[in-house]
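Numbering (the numbering used here), first residue to last: 77 to 339. Quick reminder that beta carbons are idealized off the backbone N, C-alpha and C, glycines included. In what follows, a single structure is set out as structure tokens and then discussed.
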């Protein structure tokens, strides 16, 4: 499990998002206040239209037209230029979507390498990095397959590999198992759980209450507001138990042994 710090990575204060005008005006988000710390696995649930995906899009810097305050890693998002937000989005945030969003005309390795284009990395190096990421998901034998040649579970693992190729610290997953059977869903959730254990902050929107067992924190939304916010006590207890072990290992790494002097 991860060592969760007390400094919020994501800090939202009285967040509001409106749609429509006049009599047709409605709130997708209505006064959302929320802190998410580094290393948390947060599951967001609620009925359709309650604001889950809107909240995820705002956190992922895909939606700017909001009221309220949003701080990402201690920086107010409102003061960031579009260029800076795009840079943060491409380097620090990984997106996993329900529909995979793989580009049909590109093969698997090219799909995974796509986010690296925005970092100015050469094509050869992009493909090497993409291949290494696919190997972690046991998909290196399918590097030159086309998206339509993959199963749903394989396509979603490719989507996760694409989200991770930039080594982001925040993973945003919008119904990542919505189009998958139970076996494929289990594989994908195990992958996300493993990412959580490595220290990534994960925020997942889901309709499936069974998937919340993987999360360290469960938030439910209703009518654009946070209805409940609770910790998964089993996961939280394991995190608390392993914290001292992680801190000891970290200290051991920083201890330098004195060099032996040559006689």
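Review point. Under the rule that 16 or more other beta-carbon atoms within 10 Å means buried, what is residue 292, buried or exposed?
Key: To locate residue 292, count along the chain shown from 1; it is residue 216. Residue 292 comes out buried.
Check your understanding: Counting pairs of beta carbons, one from the stretch 226–246 and one from the stretch 152–163, are three or more of them closer than 8 Å?
Key -> no
Review point. Three or more beta-carbon pairs under 8 Å between the stretch 261–276 and the stretch 94–104, yes or no?
Key: no
Exercise for review: Just tell me which of 303, 131, 299 has its CA closest to the CA of residue 281.
Suggested key: Here residue 281 corresponds to residue number 205 of the chain shown, with the count starting at 1. The candidate whose alpha carbon is nearest that of residue 281 is 131.
Practice item. Work out the CA separation of residue 87 and residue 93 for me, nearest whole Å. Key: Start at 1 with the first residue of the chain shown, and residue 93 comes out as number 17. Start at 1 with the first residue of the chain shown, and residue 87 comes out as number 11. Answer to the nearest angstrom: the Cα atoms are 16 Å apart.
Review point. Quick one: what does DSSP say residue 119 is sitting in, helix, strand or coil?
Key: Taking the chain shown and counting its residues from 1, one reaches residue 119 at position 43. Residue 119: strand per DSSP, three-state reduction.
Practice item. Tell me, please, which residues DSSP counts as bridged to residue 179. Key: Translated into positions along the chain shown, residue 179 becomes position 103. Per DSSP, none; premise fails for residue 179.
Exercise for review: Can you grab the Cα-Cα spacing for the pair residue 110 / residue 232, in whole Å?
Suggested key: As a first step, residue 110 must be located in the chain shown, where it is residue number 34. As a first step, residue 232 must be located in the chain shown, where it is residue number 156. Their Cα atoms are separated by approximately 29 Å.
Review point. Out of curiosity, what's the CA-to-CA distance linking residue 186 and residue 203?
Key: Translated into positions along the chain shown, residue 186 becomes position 110. Translated into positions along the chain shown, residue 203 becomes position 127. Answer to the nearest angstrom: the Cα atoms are 7 Å apart.
Check your understanding: Does the distance from the C-beta atom of residue 102 to that of residue 127 stay below 8 Å?
Key -> Locating residue 102 in the chain shown gives position 26, where the first residue counts as 1. Locating residue 127 in the chain shown gives position 51, where the first residue counts as 1. The answer is no: Cβ separation not under 8 Å.
Practice item. Use the C-beta contact count for residue 141: other C-beta atoms within 10 angstroms, 16 or more gives buried, fewer gives exposed. Key: The sequence position of residue 141 within the chain shown is 65, counting from 1. The residue is exposed, with fewer than 16 neighbouring Cβ atoms inside 10 Å.
Point to revise | Contact with chain C by residue 156, beta-carbon distance below 8 Å | key: The structure shown has no chain C; it contains just one protein chain.
Check your understanding: Whole alpha helix (DSSP H) runs in the stretch 230–283 with 4 or more residues, listed along the chain?
Key -> 258–273
Practice item. Within the same chain, show all residues whose beta-carbon is closer than 7 Å to that of residue 302, passing over the 5 residues directly before and after it, in chain order. Key: As a working note, residue 302 is residue 226 in the chain shown. 108, 110, 295.
Exercise for review: Helix, strand or coil for residue 318, going by three-state DSSP, please let me know.
Suggested key: Along the chain shown, one-based indexing puts residue 318 at 242. Low local confidence applies: a pLDDT of 48 at residue 318 is under 50, so the model's placement there is unreliable, with the coordinate-based value given in what follows. Helix, per DSSP.
Check your understanding: Would you say the stretch 212–231 touches the stretch 138–156, given that touching needs at least three Cβ pairs under 8 Å?
Key -> no
Review point. Tell me, which residues are paired with residue 346 by DSSP?
Key: Residue 346 lies beyond the residue range present for the chain, which begins at 77 and ends at 339; the question has no answer from this structure.
Point to revise | 6 Å CB neighbourhood of residue 248 in its chain, flanking five on each side removed | key: Reading the chain shown from its first residue, position 172 is the one you call residue 248. Same-chain partners within the cutoff: 132, 136, 171, 279.
Check your understanding: For residue 84, which of 152, 125, 121 has the nearest alpha-carbon?
Key -> As a working note, residue 84 is residue 8 in the chain shown. When only C-alpha atoms are compared, the closest one is 152.
Exercise for review: Would you kindly report the start and end of the unbroken beta strand (DSSP E) that includes residue 140?
Suggested key: Taking the first residue of the chain shown as position 1, residue 140 is located at position 64. Premise fails: residue 140 is in no beta strand (DSSP E) and is neither H nor E.
Check your understanding: Should residue 257 be labelled buried (16 or more other beta-carbon atoms within 10 Å of its own) or exposed?
Key -> Numbered from 1 along the chain shown, position 181 holds the residue referred to as residue 257. When all chains shown are included, residue 257 counts as exposed.
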